[in-house]
Structures are given as C-alpha cells and as structure tokens.
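Undergrad:
Okay, structure coming up:
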C-alpha cells in the first residue's frame, strides 16, 4: 500500500508499477476460487445436517401407533425434545443452505459479512449443544423403555425411536463439522478482515 | 518498527528515540496487568467448574443404599455416564487450575504457548459436550425413574441423583464460560502471536 505513495528517487511520485497489480489480481482469483471450494464444502455439510435432522424429526413426529393403549411419542418428554430439536436444526440448516447458495452464486453474504460469520458460528454452536443434549436424553429414555414392557408389546415404536435418535446423532456430527468450518471463517475474518482465507 | 531503520533527513541513520520505547513498555505493563486479571477470571471459572463437577461425581458415586433390593447408581447406564463424565471434568479442571496458578505466578504457560491455548480450548469444548450429554441422559433417566415405583420406595436415591445431575449442569455452565475465555485466548494468539490480548 505504501509503495504507491512513496516519493520516487527522481523526485516525482511513482506511478504504480503493473506487476504488483497483476500479482494481486492473480492472488485474488486464487482466493476467490479457494473460498468457493470452501463454501461448497460447508454447503455439503449443511445439506447432510439438514437431511439427517429432517429425517430424525420426521421419524419421531410419525412415531405414533393407532390404538388407545399404544405409546405415543408426545407422551415422553425426551422424545418431544428430540423431535423439536431436530425440527429446529432442520429449519436452521435449510436457512443456512439458502445463505450458502446465495453466497456461492452472488459472491456476497446475505447479512453484512461481520454479522454473517458470527451468526453462523454462534448458532452452529448453540444448536449443536441443543441437538446433542436432546439425543442423549432420547438415548437414555430409549434404553429404559427397553427394560420395561413397552418395547415387548410395541417393538416398532422402540425401533422407530432408536432410528430417530441415531439420525439425530448423525445430524449433530455434520452440524459439528459445519461449526468447525464456520469457526475457521470467524478466525479468517478476524485475521484478514474478510471471510476469504488467504 | 520501520521508523527505527529509516534514513534520517540529515543523511545518517536515526538513533531510536526514547519515547516509543517508554510507550511500548507502558503498554506492555498494562497488557501484563490485563492478562493477569483475565487469568484470574479463568481461574475462578475453572475453580467453580471443579467444585461443581467434583460434587456431582461424589453425589453420584456415593448414591448406593445398603440392602440388596435397593437401587445402585452403577446399575443405570446414564448414571454411570454422569459419574464418570463429572469425575473426568473434575480431574481436567484440577489440572487446569494448576496450569492457571503456574501461569499467574510465573508469567509463562506450562506447555509452549501455541500448544497451551489450543489444548485448553479443544479440551474445554470436548469435555463440555461430554458433560452436557451425560447430564441430559441423566435427566431423562431420573424423570423416567420418577414414573416408576423406584422413587416411591427409595426417594433418597432419586433425590441424590437429581442433585448430582443438577450439580453437573452447573459444572457444564462454568466449563462453557471457561471455553468462551479460552476461545478468546486462541483468537488473541492467532491475531497477535501471543496470548496477551492487547
């Protein structure tokens, strides 16, 4: 930056030489391409988190058998927590997929850059904690249900709950990966003043 | 930095003027003091996390009534998880308290600085997830035990489990605060090349 304003040895102001500009344009192109690849990786993780958490929520929401004596998912606190946490994460992931696609196609973030990187990271963290908490509670409940006669009478209910909780854990894993990447973006932003990581 | 090496207008090399050095010494003193206050804050959070997780582990480990028919904590998976996770966090917090005291008294980290800041942050994150997961599972189990006749026959067992889980959540909260602060130290380290935040 300073070299363009420094006085020349011959007395006048130097005109900026073309070489640094070409180099910086080249670097900028490489940076944009790397950033694009990085964004596509985030998009893949977001999509995986969306699929797994949506599947988890669907499995739990449809987990009610007909008949008055059979167990319903909404009668168990932990299963309600699993269903609602998975639904919230699915909605959030859908929003983040939209934001990612927007960023890849237009090259700009939806919110101002500083808001966007901190928004992504903080929400990833909070929702990852929430989803893990819900699925841990769901696992503990599912295990105690196996010891009771609920599962011998209604095995399909227990199997469907187990699948829902397992899908939730898979969603948590991909949300965790997204959180690592968005944390990396926060650090890049703090370091360089932009989300580009070069 | 550059000003010390720049040629003087009179021709010779300037000797470094005393004012910047005094200013930087002053800034360094302020920085050391701020860092000390920051470390004391971390130490307080670590100590709180240690106390709560140790109490949680002790409450769970001693949660067995005499008599052959009464419930034991080690017969429940989720309660074993609560006890072991709390014990691990208590040990880790104890180590971190030692590291903090060392740093405050000697002004240097136990490991090399780059290892220390990343070690603290990563372990805070992993153990916070683990403790939350354990206590969520413990909560779900404690709630289902209330519905069964376990708690009417052995109310003390259930109350002690509830207290242990609640103490575990308090420990998680303080571990989360420590994690925020150690994350801040990581960012400072990346920004400045030192854990000092100025």
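Residue numbers (the UniProt record's numbering), protein chains in the order written: chain A, 1 to 198; chain B, 1 to 198. Backbone N, C-alpha and C fix where the C-beta goes; we use that ideal spot for every residue, glycine too.
1. Is the shortest distance between the beta-carbon of residue 139(A) and the beta-carbons of chain B less than 8 Å?
2. Which complete alpha helix (DSSP H) runs does the segment 119-182 of chain A hold, if anything under 4 residues is left out?
3. If we define contact as Cβ-Cβ less than 8 Å, is residue 191(A) a contact residue for chain B?
4. Bridge partners for residue 64(B) per DSSP, in chain order?
5. How would you list, in chain order, the residues of chain A whose beta-carbon sits under 7 Å from the beta-carbon of residue 144(B)?
6. Which of the three DSSP states, helix, strand or coil, is assigned to residue 38(A)?
7. So residue 77(A) contacts chain B; which residues on that side make the cut at Cβ distance below 7 Å?
8. Compare the C-beta of residue 175(B) with all C-beta atoms of chain A and state if any pair is closer than 8 Å.
9. Which word fits residue 165(B), buried or exposed, when buried means at least 16 other C-beta atoms lie within 10 angstroms of its C-beta?
10. Going by DSSP in three states, residue 99(B) sits in which element: helix, strand or coil?
11. State the DSSP-derived secondary structure class of residue 184(B), mapped to helix, strand or coil.
12. For residue 129(A) and chain B, any beta-carbon pair shorter than 8 Å?
13. Can you tell me whether residue 32(A) is buried or exposed, with buried defined as 16 or more other CB within 10 angstroms of its CB?
14. Step through the CB atoms of chain B and report whether any lies within less than 8 Å of the CB of residue 136(A).
15. With 8 Å as the threshold, decide whether the Cβ of residue 187(A) is near any Cβ in chain B.
16. Tell me whether residue 167(B) is buried or exposed, calling it buried when 16 or more other Cβ atoms sit within 10 Å of its Cβ.
17. Assuming residue 78(A) contacts residue 138(A) (C-beta within less than 8 Å), just tell me the rounded distance between them.
18. Would you please state the rounded distance, in angstroms, between the beta carbons of residue 82(B) and residue 134(B)? I believe it to be under 8 Å.
19. According to the neighbour-count rule (16 or more other Cβ atoms, all chains shown, within 10 Å of its Cβ), is residue 147(B) buried or exposed?
20. Does residue 133(A) have its Cβ less than 8 Å from a Cβ in chain B?
21. Between the alpha carbons of residue 127(A) and residue 158(B), how many angstroms are there, rounded?
22. Count the other C-beta atoms from every protein chain shown that fall within 10 angstroms of the C-beta of residue 73(A), then say buried if there are 16 or more, exposed otherwise.
23. Check residue 82(B) in the structure and name its three-state DSSP category.
24. How is residue 57(B) classed by DSSP in three states: helix, strand or coil?
25. Taking residue 50(B) as the reference, which of 97(B), 107(B), 71(B) and 62(B) has the closest Cα?
26. Apart from the five residues just before and just after residue 43(A), which ones in its own chain have a Cβ nearer than 8 Å to its Cβ?
27. Give me, in chain order, the residues of the same chain whose beta-carbon lies closer than 6 Å to that of residue 54(A); leave out the 5 immediate sequence neighbours on both sides.
28. Could you compute how far the alpha carbon of residue 52(A) sits from the alpha carbon of residue 87(A)?
29. Excluding the 5 residues preceding and the 5 following residue 181(A) in the sequence, name in chain order all residues of the same chain whose CB lies nearer than 8 Å to its CB.
TA: Reading it off the structure:
1. By this cut-off, residue 139(A) is an interface position.
2. 150-153
3. yes
4. 72(B)
5. 141 and 144
6. helix
7. 143
8. no
9. buried
10. Helix at residue 99(B).
11. helix
12. yes
13. The residue in question, residue 32(A), is exposed, as its Cβ has fewer than 16 Cβ neighbours within 10 Å.
14. yes
15. yes
16. buried
17. 5 Å
18. 5 Å
19. Result: exposed.
20. At least one chain B Cβ lies under 8 Å of residue 133(A).
21. 30 Å
22. buried
23. helix
24. Helix, per DSSP.
25. With distances taken between Cα atoms, residue 50(B) lies closest to 97(B).
26. 97, 100, 101 and 104
27. 90
28. The C-alpha of residue 87(A) is placed about 10 Å away from the C-alpha of residue 52(A).
29. 38, 41, 42 and 45
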